[in-house]
Amino acid sequence: MASDPTVDVKTRNTDHPDSDPARDQIPTAEVRLSSLNLGETAAGTEKERLESNGSLPAVSYDARHVIVPENKELKMAAPDRDSSHGAILCTDGSEMEGEVPSSPSSSGYAGERGSSGASSGIGDEVVGGWVSTDSWDKGKTRMLEDDTSASWRKRKKHFFVLSHSGKPIYSRYGDEHKLAGFSATLQAIISFVENGGDRVKFIKAGRHQIVFFVKGPIYLVCISCTEEPYEALKAQLDLLYSQILLILTKSIDRCFEKNPKFDMTPLLGGTDAVFSSLIHSFSWNPAAFLHSYTCLPLAYTTRQAAGAILQDVADSGVMFAILMCKHKVVSLVGAQKASLHPDDILLLSNFVLSTDSFRIRIESVLSKSNVLSEVQRSILDGGLHVEDLPVVSSLLSGSISPPSHLGRHSPESVSQSGIGGPAGLWHFIYRSLNLDQYVSSEFSSPLNSSRQRKRLYRAYQKLYVSMHDGQIGPHKTQFRRDENYVLLCWVTQDFELYAAFDPLADKALAIKTCNCVCQWVRDLENEIFLFGGSPFAW
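Mapping to full-length UniProt numbering: the sequence shown position 235 is 235, numbers consecutive.
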């Protein structure tokens, strides 16, 4: 059975997989999103598109325009394996390099020697385009582990939250109270650098990177050997801190001002699942690094009807009302002149989805409309599929074929390569900068395993950081090729496109295919994007 949409009338929101994964395994139907283009979307003509709320300009999607990459083709360099005996300490003001003494066995960290069985700590299986929770436990895992456990040291990615006095608050693995000595060591490193008038940013030791994030009296630390860039790990720590504020509010700072030894752990009782699910989403949810949210594909009129329902159920004084299906937004309404940041949607939906007490059935609320049936139909139909991209016969000529409905197979829309879409297209993510929304294609062959999809997710993450690098960028285009795939990124003032191709894909055809993807998304924007959330009537 498809999972039920949930209504959340709150001031923020976001996502994470359900507690009952067996119920949520939905087979992909033969007829895909084209079923949403019934008579309803006929009303969604150009005249009805809301130009004032960020409708995407047609000039930006001229499929006849060819992307011309500014930079040369880049080879992805392998990480340096020869620096395992040294360390780099990076602070806000300086960078120092030197030898690091061997750690005692009680605090040794052997993530780079970990087996594949311990590579992720939490099982990452795929569902709904990214990762499922078949083998994932929402609660705290490995409670018996501590820093003396070999299994604990083999984890590839740790998260710690501690107070400025060194008192442990949260750890991803193990019992934080058993890690009091380890937390004190982390606090000592931060204090040592701050006493010198500087602030530590990260430490590199071989393949490991230790990222520090100080927010007043709360210290957040990530220890990782996943080769994720510093900027990405810092953003994840920022989201983790924001999740704490969502639960405790900023008044927690005043508690520390009154009592520097204040223990906030009791206030977070029962919230381990919230933090664990958020950290888990860092390995599968593009919203975590794109700072955008995604919508459930629906006919334009159906989405408008969902907005009208939210208007009816929300009481006066409510700031926002959101209808979601898992991590995908169905409709959103808010108070006049009020704005909701995409990160808030991510955090709030994660809070709701990881807390069973928030899960209720609401069929009676939608009993007089067809919104529920359309939502269930959309879940069954799936989303965008690269095999349906209507371009193959027109790639060489540089012209785009007539607009095609989502999922409707035709001789021109079926890939001739046998794997993936046209020109070896395997996957893409399209982000609208005007709307702060993104849409991604469904995974298909050859991206079948969770390991392959996590690798692609992190490759996208690195590409995003590289494109927005303030020191050497920002860039408009990048074309990268390695043994796994070809990655192409195109950034304009209106959108960002990230695409993955077969590693043997032709560069010119890949560029033309990206132009066709942009045109395809524009043709379907009424079904895949939410235009201008309706304000409340009061």
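By construction, the Cβ of each residue, glycine as well, lies at the ideal position given by its N, Cα and C atoms.
Exercise for the section: With DSSP collapsed to three states, give me the class of Lys204. Expected result: DSSP places Lys204 in strand when its eight states are reduced to three.
Problem - Under 8 Å between C-beta atoms of Leu497 and Tyr430 - result: Cβ atoms of Leu497 and Tyr430: closer than 8 Å.
Handout entry: Gly532 to Ser149 span [Cα, whole Å]
Key = Cα to Cα, Gly532 sits roughly 52 Å from Ser149.
Handout entry: For Gly334, the first and last residue of its enclosing beta strand (DSSP E)
Key = Per DSSP, the unbroken beta strand (DSSP E) holding Gly334 starts and ends at 328-334.
Handout entry: CA-to-CA distance, Gln311 to Gln519, given in whole angstroms
Key = Near 33 Å, if we compare the C-alpha coordinates of Gln311 and Gln519.
Exercise for the section: Can you tell me which of His385, Lys167, Glu228 puts its alpha carbon nearest to the alpha carbon of Met264? Expected result: Out of His385, Lys167, Glu228, Lys167 has the C-alpha closest to the C-alpha of Met264.
Handout entry: 8 Å contact criterion, which Gly307 and Ser331 should meet: CB distance rounded
Key = The Cβ separation is near 4 Å, so the contact holds.
Exercise for the section: Can you tell me which of the three DSSP states Ile254 falls into? Expected result: The residue you asked about is not Ile; residue 254 is Arg in the sequence shown. Here Arg254 sits in helix by DSSP.
Exercise for the section: Using the DSSP secondary-structure output, state which residues sit across from Glu496 in a beta bridge. Expected result: Arg431, Val491.
Exercise for the section: List the residues that DSSP assigns as beta-bridge partners of Val439. Expected result: Within the DSSP bridge table, the entry for Val439 names Tyr430 as partners.
Problem - Residues near Ser242 by beta carbon distance below 7 Å, same chain, minus five either side - result: Asp343, Leu347, listed in sequence order.
Handout entry: Classification of Ala508 by the beta-carbon crowding that lies within 10 angstroms, buried from 16 upward
Key = By the neighbour-count rule (16 or more Cβ atoms within 10 Å), Ala508 is not buried but exposed.
Handout entry: For Phe289, the first and last residue of its enclosing alpha helix (DSSP H)
Key = In the DSSP annotation of this structure, the continuous segment of the alpha helix (DSSP H) that includes Phe289 starts and ends at 287-290.
Exercise for the section: Quick one: using the 10 Å Cβ neighbour count with 16 as the cut-off for buried, is Phe358 buried or exposed? Expected result: Around the beta carbon of Phe358, fewer than 16 other beta carbons lie within 10 angstroms, which makes this residue exposed.
Exercise for the section: To the nearest angstrom, report how far apart Ala188 and Phe182 are at their CA atoms. Expected result: Rounded to the nearest angstrom, the two C-alpha atoms are 10 Å apart.
Practice task
State the beta-bridge partners of Ser224 as determined by DSSP.
Solution key: Bridge pairing for Ser224: Lys157, Gln209 [DSSP].
Problem - Close beta carbons around Gly174, own chain, < 6 Å, minus the five adjacent residues each side - result: Once the five neighbours on either side are set aside, the close Cβ partners of Gly174 are Arg142, Glu145, Asp146, Trp152.
Practice task
Out of Arg207, Leu296, Arg458, point me to the one whose CA is closest to Cys225's CA.
Solution key: Taking each of Arg207, Leu296, Arg458 in turn and checking the Cα distance to Cys225, the smallest one comes out for Arg207.
Exercise for the section: For Thr271, I'd like the list of residues in its chain whose CB is within less than 8 Å of its CB, leaving aside the five on either flank, ordered along the chain. Expected result: Around Thr271: Ile247.
Exercise for the section: Work out the CA separation of Trp284 and Val161 for me, nearest whole Å. Expected result: So the alpha carbons of these two residues sit roughly 22 Å apart.
Practice task
Could you round the C-beta distance between Gln236 and Ala287 to whole angstroms and report it? I think they count as a contact, below 8 Å.
Solution key: With a Cβ gap of about 12 Å, Gln236 and Ala287 do not count as contacting.
Handout entry: Val517 vs Ala505 beta-carbon contact at 8 Å
Key = Result no, Cβ atoms of Val517 and Ala505 do not sit closer than 8 Å.
Problem - Length of the line joining the Cα atoms of residue 597 and Asp388 - result: A query on residue 597 cannot be resolved here, the shown segment of the chain reaching from 1 to 538 and no further.
Problem - Proximity of Lys328 and Thr302 at Cβ, strictly below 8 Å - result: No, the pair does not count as a contact, with Cβ atoms beyond the cut-off.
Practice task
Please state whether DSSP places Ile190 in a helix, a strand or coil.
Solution key: In the three-state reduction of the DSSP assignment, Ile190 falls in the helix class, which pools H, G and I.
Exercise for the section: Mark Ile472 as exposed unless 16 or more other C-beta atoms lie within 10 angstroms of its C-beta, in which case mark it buried. Expected result: Within a 10 Å sphere around the beta-carbon of Ile472 sit fewer than 16 other beta-carbons, which makes this residue exposed.
Handout entry: Gly484 and Arg455 closer than 8 Å at C-beta
Key = Looking at the sequence itself, residue 484 is Asn, so the reference to Gly does not match. Taking 8 Å as the cut-off, the Cβ atoms of Asn484 and Arg455 count as close.
Problem - Helix, strand or coil at Arg480 [DSSP, three-state] - result: In the three-state scheme derived from DSSP, where H, G and I count as helix and E and B as strand, Arg480 is classed as strand.
Exercise for the section: Would you list the one or two residues that DSSP bridges to Ile309? Expected result: None; Ile309 has no bridge partner.
Exercise for the section: Measuring alpha carbon to alpha carbon, tell me which of Pro217, Gly383, Ile203 ends up nearest Ser251. Expected result: The option with the nearest alpha carbon to Ser251 is Pro217.
Problem - Residues sharing a beta bridge with Ile247, DSSP - result: Note: Ile247 sits in no beta bridge, so no partner.
Handout entry: Among Ser445, Thr355, Ser349, nearest to His385 - alpha-carbon criterion
Key = Here the closest residue by C-alpha is Ser445.
Handout entry: Residue environment, Ser432, which counts as buried when at least 16 other CB atoms sit within 10 Å
Key = With 16 or more other Cβ atoms within 10 Å, it is buried.
Exercise for the section: Please list, in chain order, all residues of the same chain as Leu290 whose beta carbon is under 6 Å from its beta carbon, the five residues on each side excluded. Expected result: Answer for Leu290: Arg431, Tyr438, listed in chain order.
Handout entry: Inter-residue CB distance, Phe262 and Leu240 (contact presumed, cutoff 8 Å)
Key = Between Leu240 and Phe262 the Cβ distance is about 19 Å, and since that is not below 8 Å, they are no contact.
Practice task
Report the residue from Pro297, Leu186, Cys255 whose alpha carbon sits nearest the alpha carbon of Val214.
Solution key: Nearest of Pro297, Leu186, Cys255 to Val214, Cα basis: Leu186.
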